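As C-alpha cells, the structure follows; a few thoughts come after it.
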Amino acid sequence: MTTSPLMPSLPSGPSATSDPAPAPADPAGRAGAGARPVGGSYDPAATTAGGLTGELARLEAQAELSFGAELRILREAGLDAHAGPFVEIGAGSGAVTRRLRAALPALAHTAVDIDGHLLAHAAGCGAELLVADGAALPLPDNSAGFVLLRYVLQHLADPQAVLAEALRVLRPGGRIAVTEVDASCWGLAEPAYPELAGIHGKLARAQTSAGGDRTVGRRLTRLLRGAGYEDVALRPFASTNDDHPVEAFAPHLGPGRLQPLVAAGVVSLGEFALATDRWNRFRADPDAYVMLLGFTATGTAPH
Numbered sequence: 580m581t582t583s584p585l586m587p588s589l590p591s592g593p594s595a596t597s598d599p600a601p602a603p604a605d606p607a608g609r610a611g612a613g614a615r616p617v618g619g620s621y622d623p624a625a626t627t628a629g630g631l632t633g634e635l636a637r638l639e640a641q642a643e644l645s646f647g648a649e650l651r652i653l654r655e656a657g658l659d660a661h662a663g664p665f666v667e668i669g670a671g672s673g674a675v676t677r678r679l680r681a682a683l684p685a686l687a688h689t690a691v692d693i694d695g696h697l698l699a700h701a702a703g704c705g706a707e708l709l710v711a712d713g714a715a716l717p718l719p720d721n722s723a724g725f726v727l728l729r730y731v732l733q734h735l736a737d738p739q740a741v742l743a744e745a746l747r748v749l750r751p752g753g754r755i756a757v758t759e760v761d762a763s764c765w766g767l768a769e770p771a772y773p774e775l776a777g778i779h780g781k782l783a784r785a786q787t788s789a790g791g792d793r794t795v796g797r798r799l800t801r802l803l804r805g806a807g808y809e810d811v812a813l814r815p816f817a818s819t820n821d822d823h824p825v826e827a828f829a830p831h832l833g834p835g836r837l838q839p840l841v842a843a844g845v846v847s848l849g850e851f852a853l854a855t856d857r858w859n860r861f862r863a864d865p866d867a868y869v870m871l872l873g874f875t876a877t878g879t880a881p882h
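Residue numbers (our numbering): 580 to 882.
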C-alpha cells in the first residue's frame with residue numbers, strides 16, 4: 580500500500596474514561612479543558628484549530644465521511660431496531676448518535692460520555708444521555724443488547740477496563756462493535772509529501788505521551804478476546820474521494836490538528852506554514868486521491 584505523510588491526523592473522537600492524562604500541552608491527547616472532566620488523551624477544546632467550535636465541526640465532518648460504511652458493518656453485526664438496549668460509549672457531541680437515531684429511530688439508545696459539556700451538544704437527538712465513566716457505567720448487569728465504542732480506545736491507557744465494563748452490562752449473546760484506526764495503515768494520499776513526515780510524527784508522539792495509542796487498531800481483536808468476548812471478527816472500511824470531495828478530508832489531511840501544537844511550542848510556525856502549503860497544493864490538484872481506512876472489531880458476550 581502506498582502511504583503518504585500528508586496525513587497529519589487520524590480519526591479520533593470522544594473519550595470514555597477518567598484515565599489521567601499527564602500532558603496538558605498535548606493537542607491530540609489532553610488532560611482537560613478548563614474545569615471540565617475529560618477522559619484519557621482527549622480534550623475537545625484542544626484538539627484542532629478553533630477550540631471546541633472547531634472540534635464540533637471536525638466531529639461532524641468525520642462522521643459524515645464514514646457513517647454509511649460504519650452503519651453497514653453494524654447492521655451486519657446484528658444492529659437493528661430490536662437489538663437494544665443500545666449503549667454508545669464515548670458518544671461525545673452526538674455526531675454519530677444523531678445519525679444512528681435517524682437510521683434506527685425505534686432503537687432504545689443510551690449515549691454515554693464522561694464529558695457532560697460535550698454530551699450536551701447531543702441534546703434533542705432522541706437518545707437518553709448519560710454522563711458517566713465508560714469503565715464504571717451506572718447500568719445493571721446484563722442490561723444491554725449492543726454496545727458501540729467508536730474512536731475511543733485510542734485515547735485510553737487501559738482499554739481493557741472499558742471493554743470489561745461493556746461485557747458486564749451486555750446480556751449473554753449481546754454484541755459489541757469497536758471502531759478504530761491504526762497509524763501504520765491509515766490509508767493513502769497521492770501525491771505524497773515526504774517532507775511532512777517529521778512534522779506529523781509530532782502529533783502521534785503527543786497523543787502517545789498523554790496515554791493514547793494510535794496503533795490500537797491492530798490489537799482490537801486481541802483486546803476483545805482478552806476481555807472475554809467470543810465470535811470476534813475484524814471488518815475494514817474505506818472512505819475515498821470517489822464518494823466525497825477532497826475538501827471533505829480536511830479534518831484529517833489539513834493542518835488544523837497541528838495548530839494547537841504550534842501554541843504548545845511543539846510545532847514551529849515554519850513547520851505549520853509548510854504543512855498548510857502542502858495541503859493547499861493537494862486540494863488544488865485535480866488528480867489528488869485519498870483513501871482513509873478504519874477498522875471495526877465485533878464480538879459476542881458469552882452465554
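Ideal Cβ placement from N, Cα and C applies to all residues, glycine included. Keep in mind it's a predicted model, so treat the numbers as computed, not measured.
Residue i, buried or exposed, once every other Cβ within 10 Å from all chains shown has been counted against 16
{"i": "ARG836", "result": "buried"}
{"i": "ASP622", "result": "buried"}
{"i": "ALA715", "result": "exposed"}
{"i": "GLY766", "result": "buried"}
{"i": "GLU634", "result": "buried"}
{"i": "GLU744", "result": "buried"}
{"i": "ARG654", "result": "exposed"}
{"i": "GLY724", "result": "buried"}
{"i": "ARG860", "result": "exposed"}
{"i": "HIS734", "result": "buried"}
{"i": "PRO664", "result": "buried"}
{"i": "PRO830", "result": "buried"}
{"i": "ALA642", "result": "buried"}
{"i": "ARG637", "result": "buried"}
{"i": "PRO738", "result": "buried"}
{"i": "ASP761", "result": "buried"}
{"i": "GLY873", "result": "buried"}
{"i": "GLY695", "result": "exposed"}
{"i": "ALA674", "result": "buried"}
Whole-Å CB distance - residue i paired with residue j, under 8 Å assumed
{"i": "VAL552", "j": "ARG804", "result": "This structure cannot settle anything about residue 552, because the visible part of the chain is limited to 580 through 882."}
{"i": "ILE668", "j": "LEU631", "result": "With a Cβ gap of about 21 Å, ILE668 and LEU631 do not count as contacting."}
{"i": "ARG814", "j": "GLY657", "result": "Contact flag wrong, Cβ pair sits at about 13 Å."}
{"i": "LEU683", "j": "ALA648", "result": "About 16 Å; that fails the 8 Å criterion."}
{"i": "GLU759", "j": "LEU697", "result": "Wrong, their Cβ atoms sit about 19 Å apart, outside the cutoff."}
{"i": "THR855", "j": "PRO834", "result": "5 Å"}
{"i": "GLU826", "j": "ILE778", "result": "Their Cβ separation, rounded to whole angstroms, is 21 Å, which puts GLU826 and ILE778 out of contact at 8 Å."}
{"i": "ALA701", "j": "ALA685", "result": "Going by Cβ atoms, the distance from ALA701 to ALA685 rounds to 18 Å, so no, they are not a contact pair."}
{"i": "ILE652", "j": "PHE816", "result": "6 Å"}
{"i": "ARG680", "j": "ALA706", "result": "6 Å"}
{"i": "ARG909", "j": "ALA783", "result": "There is no way to answer for residue 909, as the model of the chain reaches only from 580 to 882."}
{"i": "PRO881", "j": "GLU774", "result": "The pair is not a contact, with the Cβ atoms about 50 Å apart (cut-off 8 Å)."}
{"i": "CYS704", "j": "ARG677", "result": "5 Å"}
{"i": "THR879", "j": "GLY752", "result": "6 Å"}
{"i": "ALA736", "j": "GLY790", "result": "4 Å"}
Reduced DSSP secondary structure (H/G/I, E/B, other) of residue i
{"i": "ARG609", "result": "Residue placement at ARG609 is poorly supported in this model, since its pLDDT is 22, which falls under 50; the coordinates still yield a value, given next. It is coil, neither helix nor strand."}
{"i": "ALA736", "result": "coil"}
{"i": "PHE874", "result": "strand"}
{"i": "ALA880", "result": "coil"}
{"i": "LEU727", "result": "strand"}
{"i": "GLU749", "result": "Here the sequence assigns Leu to residue 749, which means Glu is not the residue at that position. In the structure shown, LEU749 sits in a strand (DSSP, three-state: E or B)."}
{"i": "LEU716", "result": "coil"}
Heavy atom of the ligand PLP within 7 Å of residue i beta-carbon
{"i": "ASP856", "result": "This structure lacks the ligand PLP; in fact it carries no ligand of any kind."}
Spatial neighbours of residue i in its chain, beta-carbon cut-off 7 Å, leaving aside the 5 residues before and after
{"i": "TRP858", "result": "LEU832, GLY833, PRO834"}
{"i": "LEU650", "result": "ALA682"}
{"i": "ARG797", "result": "ASP761"}
Neighbourhood of residue i by C-beta, 6 Å cutoff - its chain only, sequence neighbours within 5 removed
{"i": "ASN721", "result": "ARG750"}
{"i": "GLN838", "result": "ALA628"}
{"i": "HIS688", "result": "PHE665, ALA706"}
{"i": "VAL530", "result": "Coverage of the chain is limited to positions 580 through 882, which leaves residue 530 absent and any answer about it impossible."}
{"i": "GLU769", "result": "TYR868"}
{"i": "ALA711", "result": "VAL691, PRO717"}
{"i": "LEU709", "result": "THR689, VAL691"}
{"i": "GLY780", "result": "none"}
{"i": "ALA640", "result": "PRO830"}
Proximal residues to residue i (C-beta, below 8 Å), its chain only, five neighbours per side dropped
{"i": "LEU871", "result": "PRO590, LEU644, SER645, TRP765, GLY766, ALA817, SER818, THR819, PHE828, HIS831"}
{"i": "SER847", "result": "VAL841"}
Unbroken stretches of the beta strand (DSSP E), 3 residues or longer, contained in the stretch 621 to 698
Counting whole runs of 3 or more residues, the stretch 621 to 698 contains the beta strand (DSSP E) stretches 665 to 668, 688 to 692.
Exercise for review: Could you pull out every unbroken alpha helix (DSSP H) segment of at least 4 residues lying fully inside the stretch 751 to 827, listed in chain order?
Suggested key: Taking only runs of at least 4 residues, the alpha helix (DSSP H) segments lying wholly in the stretch 751 to 827 are 776 to 788, 799 to 806.
>> Quick check for students: name the residue ranges of the alpha helix (DSSP H) that lie wholly in the stretch 830 to 862, counting only runs of 4 or more.
In response: Counting only runs of 4+ residues, the alpha helix (DSSP H) found wholly inside the stretch 830 to 862 occupies 838 to 842, in chain order.
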